């Protein structure tokens, strides 16, 4: 496993995120580094010009480390450009994040969810549609509560306003859910760890 390099490592991760954004709900493998996959995504997207918030177990330490490494300033969720949710099962973040405005829709937040597993099936099944999705695509997610998926769906009700999202699992797989993607929860059952 390679050490995460802030230049070349970020370039490799960013290319993967571009593919995930262009094909919403399709699962891509992030390059393996010595840093947890959700944090490599955060380190790639953050810089001194943006703000961040981190939620979940170990949030304070992770927020301090990301601020120190990237220069991004830590703020409360309603002010954050980027959010990292370390325990997606806790839920409640998407409803707090900014959605942009009609004049500046790009000012909506981007949230990175650390989930257990991404696959075609999972404890939460989403049906996706919109740009980059031929007809429809299903995505299975373990470790994301239905309430958070519904809050993410609701954030897009006034498109082009909304919250962009990346789901990153424990195996280093990523799926992008840009705000232009329609979400529908088609099934759910209790998660297992």
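Residue numbers (this note's numbering): 31 to 223. We put the CB at the ideal spot given by N, CA and C, even for glycine. Model, not experiment: these values are computed from the prediction.
Cross-strand partners of residue i (DSSP beta bridge)
| i | result |
| --- | --- |
| residue 203 | 59 |
| residue 157 | 168, 214 |
| residue 189 | In the DSSP output, where bridge partners are listed per residue, residue 189 has none listed. |
Alpha-carbon to alpha-carbon, residue j and residue i
| i | j | result |
| --- | --- | --- |
| residue 207 | residue 174 | 14 Å |
| residue 36 | residue 64 | 12 Å |
| residue 222 | residue 153 | For residue 222, the pLDDT reaches just 45, beneath the cut-off of 50, and the residue's location in the model is therefore unreliable, leaving the point undetermined. |
| residue 140 | residue 69 | 14 Å |
| residue 40 | residue 180 | 31 Å |
| residue 190 | residue 88 | 33 Å |
| residue 130 | residue 209 | 11 Å |
| residue 125 | residue 135 | 16 Å |
| residue 11 | residue 32 | No statement about residue 11 is possible, as the shown extent of the chain runs from 31 to 223 and does not include it. |
| residue 122 | residue 54 | 22 Å |
| residue 150 | residue 90 | 33 Å |
Test item: CB-CB of residue i and residue j under 9 Å
| i | j | result |
| --- | --- | --- |
| residue 93 | residue 80 | no |
| residue 176 | residue 211 | no |
| residue 58 | residue 46 | yes |
| residue 171 | residue 156 | yes |
| residue 182 | residue 198 | no |
| residue 230 | residue 195 | In the structure as shown, the chain begins at 31 and stops at 223. Residue 230 is therefore absent and cannot be evaluated. |
Chain B within 9 Å of residue i, Cβ atoms only
| i | result |
| --- | --- |
| residue 189 | Protein chain content of the structure displayed is limited to a single chain, and chain B is not contained in it. |
The region 88-103 in contact with the region 71-79 per 3-pair CB rule at 8 Å: yes
Alpha helix (DSSP H) runs wholly inside the region 60-139, at least 4 long, in chain order: 67-75, 89-100
Contact the region 150-170 vs the region 106-115: 3+ CB pairs below 8 Å: no
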